[in-house]
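S.K.: The structure is given below, and queries will be raised subsequently.
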Amino acid sequence: MNIAHFLTQAAIMGLGGIIAVTVAYFLVKGDIQHYFRFKSLEDQKEERATLLPLRLQAYERVIIFIERINPTNLLVRLHQSGIELSALQALIINEVNAEYQHNITQQLYINAASWNVVRKLKDDTIAMINNTVAGLPPEASGIDLSRKILKHMSSIEENPYQLTIDLLKQDIHILF
């Protein structure tokens with residue numbers, strides 16, 4: 374009988390232990406889930422705090438890129454007196470492509486739609502240079518190219534370079 378009594382007591386204690394652990398689990402379960410959810414929110418806040426300066430810096434760099442490929446600024450920076458038409462064309466296209474390659478990683482931090490606008494602006498700038506050169510006579514000089522491009526830029530009602538910068542500024546304001 375001693376053994377039967379011992380087994381009964383062990384079964385009662387085991388069952389009591391299982392019930393106590395189950396009740397404790399259900400009481401603490403919500404707190405544990407809340408803790409991990411809160412920890413996840415803290416991690417997200419830390420990520421945002423780390424990424425925000427990088428994103429702002431990327432927008433700054435892309436705005437500088439746009440200003441640098443704006444034909445008005447580009448021609449002033451690259452023009453040399455007596456430069457031939459083909460030499461100026463090659464210099465401009467190389468400069469635009471080099472600037473783009475230098476800033477291509479900024480697309481990681483910029484809105485995808487805005488980056489597509491920036492890329493299209495770069496392509497349109499190169500196309501404008503090539504189309505202007507194609508419309509000039511073969512004996513034209515670099516000065517003729519500069520004049521024609523600047524005249525074209527002044528005739529555009531809405532400057533695409535400024536519109537792109539405005540779009541990027543709108544993206545920045547969304548971040549805040």
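Per the working numbering, the sequence shown runs over residues 374 to 549.
Even glycine gets a Cβ: it sits at the ideal position worked out from N, Cα and C.
What's the gap between the Cα of ASN503 and the Cα of VAL491?
M.R.: Mapped onto the sequence shown, residue 503 falls at position 130. Mapped onto the sequence shown, residue 491 falls at position 118. Cα-Cα distance, rounded: 19 Å.
S.K.: Would you decide whether GLN462 is buried or exposed? Buried here means 16 or more other CB atoms lie within 10 Å of its CB.
M.R.: The sequence position of residue 462 within the sequence shown is 89, counting from 1. GLN462 should be labelled buried.
S.K.: Does the structure place the region 429 to 447 close enough to the region 474 to 487 that three or more beta carbon pairs sit under 8 Å?
M.R.: Segments in contact, yes.
S.K.: Check each candidate in PRO444, ILE538, ILE465, ALA471 and name the one with the smallest Cα separation from TRP488.
M.R.: As a working mapping, residue 488 is identified with position 115 in the sequence shown. Looking at the Cα atoms, ILE538 is the closest of the given residues.
S.K.: Could you say if the region 514 to 524 and the region 447 to 457 meet the contact criterion of at least three C-beta pairs nearer than 8 Å?
M.R.: Contact holds: three or more Cβ-Cβ distances are below 8 Å.
S.K.: Following the continuous alpha helix (DSSP H) through SER519, name the residue where it begins and the one where it ends.
M.R.: Along the sequence shown, one-based indexing puts residue 519 at 146. Element bounds for SER519: 515 to 528.
S.K.: Could you check whether LEU494 and ILE439 sit closer than 8 Å to each other, using their CB atoms as the reference points?
M.R.: Residue numbering aside, residue 439 sits at position 66 when the sequence shown is read from its first letter. Residue numbering aside, residue 494 sits at position 121 when the sequence shown is read from its first letter. Cβ atoms of ILE439 and LEU494: closer than 8 Å.
S.K.: What are the uninterrupted segments assigned as alpha helix (DSSP H) that are 4 or more residues long and contained completely in the region 441 to 501, given in chain order?
M.R.: Runs of the alpha helix (DSSP H) inside the region 441 to 501: 444 to 451, 458 to 476.
S.K.: Starting from LEU536 and walking both ways along the alpha helix (DSSP H), at which residues does that stretch end?
M.R.: Numbered from 1 along the sequence shown, position 163 holds the residue referred to as residue 536. Note, LEU536: alpha helix (DSSP H), 533 to 548.
S.K.: Give me the Cα-Cα distance between ILE437 and ARG410, rounded to the nearest whole angstrom.
M.R.: One-based indexing of the sequence shown puts residue 437 at position 64. One-based indexing of the sequence shown puts residue 410 at position 37. Looking at the two C-alpha atoms, the distance is approximately 40 Å.
S.K.: What's the gap between the Cα of ASN476 and the Cα of ASP496?
M.R.: In the sequence shown, counting from the first residue as 1, residue 476 sits at position 103. In the sequence shown, counting from the first residue as 1, residue 496 sits at position 123. Rounded to the nearest angstrom, the two C-alpha atoms are 15 Å apart.
S.K.: Pop quiz: THR445 and LEU536 are said to be a contact at Cβ under 8 Å. What is the actual Cβ separation, rounded to whole angstroms?
M.R.: Locating residue 445 in the sequence shown gives position 72, counting from the first residue. Locating residue 536 in the sequence shown gives position 163, counting from the first residue. Not a contact, Cβ separation roughly 15 Å.
S.K.: Does the beta-carbon distance from ILE442 to THR505 come in below 8 Å?
M.R.: For the purposes of this step, residue 442 is identified with residue 69 of the sequence shown, where counting begins at 1. For the purposes of this step, residue 505 is identified with residue 132 of the sequence shown, where counting begins at 1. It is not a contact, given that the beta carbons lie outside the stated cut-off.
S.K.: Between ASN470, SER528, HIS378, which lies nearest to ALA500 when the distance is taken from Cα to Cα?
M.R.: Reading the sequence shown from its first residue, position 127 is the one you call residue 500. That would be ASN470, whose Cα lies nearest to the Cα of ALA500.
S.K.: Note down the Cα distance separating ALA383 from TYR398, rounded to an integer number of angstroms.
M.R.: Taking the first residue of the sequence shown as 1, we reach residue 383 at position 10. Taking the first residue of the sequence shown as 1, we reach residue 398 at position 25. Those two C-alpha atoms are separated by around 22 Å.
S.K.: Rounded to whole angstroms, what's the CA-CA distance from ILE405 to ASN375? Just pull it up for me.
M.R.: Taking the first residue of the sequence shown as position 1, residue 405 is located at position 32. Taking the first residue of the sequence shown as position 1, residue 375 is located at position 2. Distance between the alpha carbons of ILE405 and ASN375 is about 43 Å.
S.K.: Using the beta-carbon count (16 or more within 10 Å), is ILE465 buried or exposed?
M.R.: Translated into positions along the sequence shown, residue 465 becomes position 92. Looking at its Cβ environment, which holds 16 or more other Cβ atoms inside 10 Å, ILE465 is buried.
S.K.: Going by CA-CA distance only, name the one from GLN453, MET386, LEU548, MET526 that's closest to GLY515.
M.R.: Residue 515 sits at position 142 when you count from the first residue of the sequence shown. Nearest of GLN453, MET386, LEU548, MET526 to GLY515, Cα basis: GLN453.
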